[in-house]
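> My questions will all concern the structure given below.
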Amino acid sequence: MARTGRRRGESGTREAILDAARACFAERGFSTTSVRSIAAAAGVDPALVHHYFGTKGELFAAAMELPLDPGAAVPALLEPGIDGLGERLVRFFLGVWDEPAARQRVQAVLRSALTEEAAAALLRDFVTTQVLGRVAAALGTPDGELRASLVGSQLVGLGLLRYLVRVEPLASADEDTVVAAVAPTIQRYLTGDMHQPG
Numbered sequence: 002m003a004r005t006g007r008r009r010g011e012s013g014t015r016e017a018i019l020d021a022a023r024a025c026f027a028e029r030g031f032s033t034t035s036v037r038s039i040a041a042a043a044g045v046d047p048a049l050v051h052h053y054f055g056t057k058g059e060l061f062a063a064a065m066e067l068p069l070d071p072g073a074a075v076p077a078l079l080e081p082g083i084d085g086l087g088e089r090l091v092r093f094f095l096g097v098w099d100e101p102a103a104r105q106r107v108q109a110v111l112r113s114a115l116t117e118e119a120a121a122a123l124l125r126d127f128v129t130t131q132v133l134g135r136v137a138a139a140l141g142t143p144d145g146e147l148r149a150s151l152v153g154s155q156l157v158g159l160g161l162l163r164y165l166v167r168v169e170p171l172a173s174a175d176e177d178t179v180v181a182a183v184a185p186t187i188q189r190y191l192t193g194d195m196h197q198p199g
């Protein structure tokens with residue numbers, strides 16, 4: 002039986018947990034991977050995983066080198082309520098992409114998801130549970146999952162065209178111009194009549 006507890010060297014323990022997390026997430030996906038199973042694979046106590054990384058979402062973000070943990074960011078965006086959520090989402094999204102280090106990491110994750118089915122499945126599982134699922138639950142409507150996925154499609158499309166493909170004049174438009182154009186559409190997806198244009 003593997004010895005659990007603190008490994009020699011803090012950085013060695015942290016890296017062992019990250020390596021185990023990457024392997025477990027890749028094999029089983031985000032939803033069905035537990036902190037306990039990651040700890041077992043790393044040969045450490047589950048409490049040590051929580052000590053280094055907090056929640057499973059934070060561990061995933063660290064393992065995938067995401068620039069943030071959506072599990073923490075999304076509730077903060079939802080807290081003021083659904084009114085104005087479209088604008089808050091767009092401004093937050095642009096803020097992440099506009100930070101150079103974060104943009105590089107998001108680009109790398111998206112490129113992997115576009116070219117590798119395993120990476121796409123893992124990202125889809127994480128985004129569905131940690132981002133879109135939270136938005137859908139906050140809406141509290143029968144079509145909440147559809148509405149949330151439409152929001153996701155709009156934001157990902159915006160990111161691809163503005164930051165990856167760099168289509169002009171969108172790529173060089175200032176933040177306020179983009180927010181003014183995109184936020185009303187996001188808000189309509191969230192709260193508008195899905196069967197009427199405009």
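Residues in the sequence shown are numbered consecutively from 2, following my numbering. For every residue, glycine included, the Cβ atom is placed at its ideal position computed from N, Cα and C.
Looking at C-alpha atoms only, which residue of 160, 168 and 145 is the closest neighbour of residue 192?
Ranking 160, 168 and 145 by Cα distance to residue 192 puts 145 first.
> Return the first residue and the last residue of the alpha helix (DSSP H) that residue 76 is part of.
That run of the alpha helix (DSSP H) goes 71-79.
> Please state the DSSP three-state secondary structure of residue 151.
Here residue 151 sits in helix by DSSP.
> Quick check on residue 167: does DSSP put it in helix, strand or coil?
In the structure shown, residue 167 sits in coil (DSSP, three-state: anything other than H, G, I, E or B).
> Look at residue 90 and residue 128 and say whether their C-beta atoms are less than 8 Å apart.
No; because the gap between Cβ atoms is not below 8 Å, this pair is not in contact.
> Where does residue 112 land, buried or exposed, given buried means 16+ other C-beta within 10 angstroms?
Under this definition residue 112 is an exposed residue.
> Can you check which of these residues, 126, 156, 177 and 170, is closest to residue 186 by C-alpha distance?
The option with the nearest alpha carbon to residue 186 is 156.
> Given a cut-off of 8 Å on the beta-carbon distance, is the pair residue 88 and residue 179 in contact?
No, Cβ-Cβ distance for residue 88 and residue 179 is not below 8 Å.
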